[in-house]
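Asker: Let me begin by handing over the structure; questions about it come next.
Residue numbers (our numbering): 1291 to 1766.
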């Protein structure tokens, strides 16, 4: 009987077959295999077996000629050998009693070659008949921080509530690194490639009931079984937010998916209909996917569509109003009592306290806290977007702006006092000084658990999709 996914996600030992020493990584299989090894060692995974008949030692660990030469049991195998060697490796894995194999190995069905596709089917069939589960081929495999599994030494060690399933290994790396730099942490990440055995549907079914996962992100190029996928997507979306980025949305992109993961992209209209029917959230870029992971982790789902926007600059206020309207959100005028509270310490010239709030009071932490607290406390405001550009203003204020740490703490205090979602939209300008200042501000916000978005459009889009998700759930 094949092992279930929870067992696969928590192996007791891992063998990396085809690994090379770190100094032999200029080209070929050695490069990624060392990344797998260093990722496991960096995470502190307890039992790692390098396997390569060419070496006696790799990265300070004893290196074994073959799987069968390892003294202890092996639960999980990472294959970093050429496709021609894979049948022999599967035979050894069966004899060794392995539970799962992750095939980083490429060169199978994604090549379009009939014989290589048949080889892929044959080796996976043989593994499954022996009870071995297969991840891939042509993928990066597993990142499970709680189990100390990782396919990169650059990933955080701390677990979190977000899961990611991705047919693309590169996209998985980009999302994990990019989102983790914004404070997001992951429960389970699976790069599953050609999906010959473990596929998107089975992963969604598992994550739907996974207590360690609160949000599911997915990058999908093709679906193996449409009916099962729709059922799995419905089940997962009923339990938690599911954010989906579809690769191969156009005819040109669809052709590219064939050579990437051997996936038939299918009709985008049908896929969109499935997402809508299931209640999943569609996104159109990796940035959007990461933004929503940040939003569901730190922002909190607004109770409604009424948004207040605050920041400096009349032009930005106009653009913000347009973005809000185009996204289907509301921009209500603030109550008279709220405007009076703001006007008590807001200069009359060059400002507005109606909504958007255009003010110059944001560069003193206490005034910033007061401004945000008053706005967020308004009964007709469900969420607040604070937009700021630091480097530009720093050059124009005689005493300079307050420290990023003070500013972030002021925002966090306002959020804590009101319980309303506050999104921080940072405008980054393309100069070294401005970018450095903005990134320092972003880092301090992340330390305070604040959601940061790079630009007003990103913040507005995230809020709009979260509000739409909540509305659909309440109407279901």
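Built from N, CA and C at the ideal position, the CB exists for glycine as well.
Here's the rule I'm using: 16 or more other beta-carbon atoms within 10 Å means buried, otherwise exposed. How should residue 1560 be labelled?
Answerer: Exposed: under 16 other Cβ atoms inside 10 Å.
Asker: Using a 10 Å radius around the Cβ and a threshold of 16 neighbouring Cβ atoms, would you call residue 1324 buried or exposed?
Answerer: So residue 1324 ends up on the buried side.
Asker: Could you spell out the range, first to last residue, of the alpha helix (DSSP H) harbouring residue 1608?
Answerer: Residue 1608 -> alpha helix (DSSP H) spans 1604 to 1616.
Asker: Are the CB atoms of residue 1739 and residue 1635 nearer to each other than 7 Å?
Answerer: Not a contact, by the Cβ cut-off of 7 Å.
Asker: Rounded to whole angstroms, what is the Cα-Cα separation between residue 1511 and residue 1457?
Answerer: Cα to Cα, residue 1511 sits roughly 7 Å from residue 1457.
Asker: Kindly confirm or deny that the region 1746 to 1759 and the region 1574 to 1587 touch, where touching means at least three C-beta pairs closer than 8 Å.
Answerer: In short, these stretches touch, since the Cβ pair count reaches three.
Asker: From the DSSP output, in three-state form, read off residue 1449 for me.
Answerer: Correct three-state label for residue 1449: strand.
Asker: With DSSP as the reference, please indicate the residues paired to residue 1368 in a beta bridge.
Answerer: DSSP lists 1306 and 1392 as partners of residue 1368.
Asker: Return the first residue and the last residue of the beta strand (DSSP E) that residue 1572 is part of.
Answerer: 1571 to 1573 is the extent of the beta strand (DSSP E) around residue 1572.
Asker: Mapping the DSSP letters down to three states, classify residue 1620 as helix, strand or coil.
Answerer: Strand at residue 1620.
Asker: Hey, how far is the Cα of residue 1595 from the Cα of residue 1509?
Answerer: Rounded to whole angstroms, residue 1595 to residue 1509 spans 27 Å at the Cα level.
Asker: Use the C-beta contact count for residue 1440: other C-beta atoms within 10 angstroms, 16 or more gives buried, fewer gives exposed.
Answerer: By the 10 Å Cβ count, residue 1440 comes out buried.
Asker: Could you have a look at residue 1377 and say whether DSSP puts it in helix, strand or coil?
Answerer: The answer is helix: DSSP assigns residue 1377 an H, G or I state.
Asker: Suppose contacts are defined by Cβ-Cβ distances below 7 Å. Is residue 1335 in contact with residue 1306 by that definition?
Answerer: Result no, Cβ atoms of residue 1335 and residue 1306 do not sit closer than 7 Å.
Asker: Whole angstroms are fine: how far does the CA of residue 1358 sit from the CA of residue 1694?
Answerer: Those two C-alpha atoms are separated by around 56 Å.
Asker: Thinking residue 1477 and residue 1453 are a contact (beta carbons under 8 Å), I'd like their distance in whole angstroms, please.
Answerer: Right, the Cβ-Cβ distance comes to about 5 Å (below 8 Å), so this counts as a contact.
Asker: Starting from residue 1406, follow the alpha helix (DSSP H) in both directions and report where the run begins and ends.
Answerer: Residues 1404 to 1419.
Asker: Could you give the first and the last residue of the continuous alpha helix (DSSP H) run that contains residue 1508?
Answerer: Taken as a continuous stretch (DSSP letters only), residue 1508 belongs to no alpha helix (DSSP H), being part of the beta strand (DSSP E) at 1505 to 1510.
Asker: Measure the CB-CB distance between residue 1735 and residue 1698 and report whether it falls below 7 Å.
Answerer: Against a cut-off of 7 Å, the Cβ pair of residue 1698 and residue 1735 comes out as a contact.
Asker: Assess, as a yes-or-no matter, whether the region 1515 to 1526 is touched by the region 1493 to 1506 under the definition of 3 or more beta carbon pairs within less than 8 Å.
Answerer: Judged by Cβ distances under 8 Å, the region 1493 to 1506 makes contact with the region 1515 to 1526, as three or more pairs qualify.
Asker: Express the C-alpha separation of residue 1446 and residue 1438 in angstroms, rounding to a whole number.
Answerer: Approximately 10 Å between the Cα atoms of the pair.
Asker: Can you look up residue 1710 in the DSSP assignment and give me helix, strand or coil?
Answerer: The answer is coil: DSSP assigns residue 1710 none of H, G, I, E or B.
Asker: Candidates 1297, 1763, 1747 and 1350: which alpha carbon is nearest residue 1613's?
Answerer: Of the listed residues, the one whose Cα sits closest to residue 1613 is 1747.
Asker: Do residue 1428 and residue 1484 count as a contact pair if the criterion is CB distance below 7 Å?
Answerer: Yes, the Cβ-Cβ distance between residue 1484 and residue 1428 is below 7 Å.
Asker: Roughly how many whole angstroms lie between the Cα atoms of residue 1303 and residue 1413?
Answerer: Looking at the two C-alpha atoms, the distance is approximately 22 Å.
Asker: Could you check how far apart the C-beta atoms of residue 1491 and residue 1472 are, in whole angstroms? I think they sit under 8 Å.
Answerer: In fact, because the Cβ distance is near 29 Å, the residues do not count as touching under 8 Å.
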